[in-house]
């Protein structure tokens, strides 16, 4: 009995170690993790909405409209959206920019859209009148709740 209990505890420690190595995961299968960055993305190919509605849509899921901060992230987002003109966050601290020449934001068109038509380059868009697809992002939630449930179950 003690040997079995000891083996079970050792097994649980090994399993916990494996969980700890990957301590974050996207909330569900319709979210896609961006290669080891602990960022999750969700794209809805059916929905098209205004910029404000897109921001609210993401916030309702505990996420934000995606901010693209590198060439590689831009290509990743472009791959997920599969050619659909998609809102991306215009207010960002990122240095990376990928505007199509002559399509930088203006007072009239101050929002951003990533478009497949121009190899993933961005174009400015009217925040109020235009409707585009939405891609949301969030930090992958930590699995700490699972860890504590696991610990309680095995009494460790």
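Residue numbers (this note's numbering): 1075 to 1230. We put the CB at the ideal spot given by N, CA and C, even for glycine. Values in this document were obtained by computation on a predicted structure and should not be read as measured data.
- DSSP places residue 1210 in the strand class (E or B) of the three-state scheme.
- Boundaries around residue 1132 are those of the alpha helix (DSSP H), 1125-1134, since no beta strand (DSSP E) includes it.
- The secondary-structure analysis by DSSP pairs residue 1118 across a beta bridge with 1208.
- Residue range 1145-1155 is occupied by the alpha helix (DSSP H) that includes residue 1152.
- An exposed status is given to residue 1102, since fewer than 16 other beta-carbon atoms sit within 10 Å of its beta-carbon.
- In the structure shown, residue 1163 adopts coil according to DSSP, grouped into three states.
- Annotation: residue 1111 is outside any beta strand (DSSP E) and is labelled neither H nor E by DSSP.
- Taking 8 Å as the upper bound for CB-CB distance, residue 1214 and residue 1126 are not in contact here, some 26 Å apart.
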